[in-house]
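**Q** The following block contains the structure, expressed as structure tokens.
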Ligand SMILES: *[C@@H]1O[C@H](CO)[C@@H](O)[C@H](O)[C@H]1NC(C)=O
Ligand SMILES: *[C@@H]1O[C@H](CO)[C@@H](O)[C@H](O)[C@H]1NC(C)=O
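Residue numbers (mature numbering (1 follows the signal peptide of the UniProt record, and there is no 0)): -25 to -1, 1 to 294.
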């Protein structure tokens, strides 16, 4: 497989966990996130936690420099997939491993707090924060995009339930650990990623009217329909939890289709990486655009605009 260049619109498999301060309108004392960081600026998760008045999340794998995990922890890694990693995977930290890291993190945090108490309260989430925290996910893109290198579209469509079964079992493990607030991003229009356009879009007949690879977007849409169904199923099963499904695909596809309306000069470009023009991009501005749209609450099921007051942080968009 060719070396991967990721651009902004490529969100990697994430499990975010966010803990927000108790006094906050959303009542999430923390956030736990599961995603990567291929960007030359702030990512969607950075804008979201900032909008919640929380500090940026420290990654679970960054233990140097006394990081504080009081308001959450980021378990995401770039290029991670939902299904177990193989010898050729970009990242060994697949979703199941990220969930195991969370389980270990929680057990160790509670053990240390019990042993040392106040001394560590500024560094570790309190027990209550694990229950009230927001668990954020961005799942599917790397599984689908990676599959196109070895599978046909039909094979990929048939493979979607396998990916989602793995996701569901991770959510169940987290629920069993006491997680109650789930925030699930659907997958973006991966056919519009520069990497996929460059590799799979050399024949113009493969592209849609916005210059995106049709088959990739078709797979993303099929994945999202099933992910939405799964979100509703989980909400039905877990009546004491909140499951929010967020339609990232529509937000990003709108940005790509209407880029000039939103002040962008190019719809399909990478922020960084190899190859020069015509594939370069302002990733931070795009991520801020996506975040501000998420925070309108209109792209969510259930919608949440009436519950959110932290939106005020987004009154002056910068893109
Ligand atoms: C679900 O959301 C509602 C409304 O924001 C909130 O009152 C409730 O406490 C939440 N449930 C859980 C389990 O956090
Ligand atoms: C582009 O913007 C127009 C006007 O706001 C809207 O009707 C259309 O749905 C947008 N396109 C996409 C793909 O979201």
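Using N, Cα and C, we set each Cβ at its ideal position, and we do this for glycine too.
Hey, would you say residue 61 sits closer than 8 Å to residue 115, going by beta carbons?
**A** Start at 1 with the first residue of the chain shown, and residue 61 comes out as number 86. Start at 1 with the first residue of the chain shown, and residue 115 comes out as number 140. No, they are not a contact pair.
**Q** With DSSP collapsed to three states, give me the class of residue 11.
**A** One-based indexing of the chain shown puts residue 11 at position 36. Here residue 11 scores only 45 on pLDDT, less than 50, and its place in the model is too uncertain to base an answer on.
**Q** For residue 213, which residues in the same chain have their Cβ closer than 7 Å to its Cβ, ignoring the five residues on either side in sequence?
**A** The sequence position of residue 213 within the chain shown is 238, counting from 1. Excluding residues within five positions, the ones whose Cβ falls inside 7 Å are 150.
**Q** Is residue 233 near ligand 2, with its Cβ less than 7 Å from a heavy atom?
**A** Here residue 233 is taken as the residue at index 258 of the chain shown, counted from 1. Yes, the Cβ of residue 233 comes within 7 Å of a heavy atom of ligand 2.
**Q** Residues in the same chain with beta-carbon distance under 6 Å from residue 192, minus the five sequence neighbours each way, listed in chain order, please.
**A** Walking along the chain shown from the start, residue 192 turns up at place 217. For residue 192, where only same-chain residues beyond five positions count, the Cβ hits under 6 Å are 164, 166.
**Q** Any chance the CB of residue 274 is under 7 Å from a heavy atom of ligand 2?
**A** Here residue 274 refers to the residue found at position 299 of the chain shown. False, no ligand heavy atom lies under 7 Å from that Cβ.
**Q** Here's the rule: buried if 16 or more other CB atoms are within 10 angstroms of the residue's CB, otherwise exposed. What is residue 93?
**A** The residue given as residue 93 occupies position 118 in the chain shown. Flag for residue 93 reads exposed.
**Q** Three-state secondary structure (DSSP) at residue 151?
**A** Here residue 151 corresponds to residue number 176 of the chain shown, with the count starting at 1. In the structure shown, residue 151 sits in a helix (DSSP, three-state: H, G or I).
**Q** In the DSSP assignment, find the unbroken beta strand (DSSP E) run with residue 109 in it and report its ends.
**A** As a first step, residue 109 is located in the chain shown; it is residue number 134 there, counting from the start. Unbroken beta strand (DSSP E) run through residue 109: 109 to 113.
**Q** Would a check of beta-carbon distances place residue 100 closer than 8 Å to chain B?
**A** Going by chain labels, chain B is absent from the structure shown, which holds only one protein chain.
**Q** Please classify residue 39: is it buried, with 16 or more other beta-carbons within 10 angstroms of its beta-carbon, or exposed?
**A** On the chain shown, position 64 is the one that residue 39 refers to. Exposed, because fewer than 16 other Cβ atoms sit within 10 Å of the Cβ of residue 39.
**Q** Indicate, with yes or no, if ligand 2 has a heavy atom lying under 7 Å from the CB of residue 183.
**A** Counting from 1 along the chain shown, the entry for residue 183 is found at position 208. Outside the cutoff, so no.
**Q** Below 6 Å CB to CB, which residues in the same chain sit around residue 286 once its five sequence neighbours on both sides are set aside?
**A** Here residue 286 refers to the residue found at position 311 of the chain shown. Bear in mind that the predicted position of residue 286 carries a pLDDT of just 38, short of 50, making it too unreliable to give a figure here.
**Q** Mind pulling the alpha helix (DSSP H) runs of 4 or more residues that sit fully within the stretch 192 to 243?
**A** Listed in chain order, the complete alpha helix (DSSP H) runs (minimum 4 residues) inside the stretch 192 to 243 are 223 to 232.
**Q** Do the stretch 226 to 233 and the stretch 115 to 127 touch if we need at least three Cβ pairs shorter than 8 Å?
**A** No contact exists between the stretch 226 to 233 and the stretch 115 to 127.
**Q** Compare the beta carbon distance of residue 188 and residue 171 with 8 Å and say whether it is the shorter of the two.
**A** Position 213 of the chain shown, counted from the first residue, corresponds to residue 188. Position 196 of the chain shown, counted from the first residue, corresponds to residue 171. Their beta carbons are under 8 Å apart, which means residue 188 touches residue 171 by this criterion.
**Q** Using only the alpha-carbon positions, how far apart do residue -18 and residue 176 sit?
**A** Within the chain shown, residue -18 is the residue found at index 8, counting from 1. Within the chain shown, residue 176 is the residue found at index 201, counting from 1. Per-residue confidence for residue -18 stands at a pLDDT of 32, beneath the threshold of 50, marking its modelled position as unreliable; no derived number is given.
**Q** Identify whether residue 92 lies in helix, strand or coil by the three-state DSSP scheme.
**A** Residue mapping note: residue 92 aligns to position 117 of the chain shown, counting from 1. Residue 92: helix per DSSP, three-state reduction.
**Q** Would you mind stating whether residue 274 and residue 206 have Cβ atoms separated by less than 8 Å?
**A** Here the question's residue 274 lines up with position 299 in the chain shown. Here the question's residue 206 lines up with position 231 in the chain shown. No, Cβ-Cβ distance for residue 274 and residue 206 is not below 8 Å.
**Q** Alpha carbon to alpha carbon, what distance is there between residue 113 and residue 18?
**A** Position 43 of the chain shown holds residue 18. Position 138 of the chain shown holds residue 113. Whole-angstrom Cα-Cα distance: 13 Å.
**Q** Would you mind reading off the limits of the alpha helix (DSSP H) that contains residue 50?
**A** Within the chain shown, the letter at position 75 stands for residue 50. Looking at the DSSP string, residue 50 is not in any alpha helix (DSSP H), and its letter there is neither H nor E.
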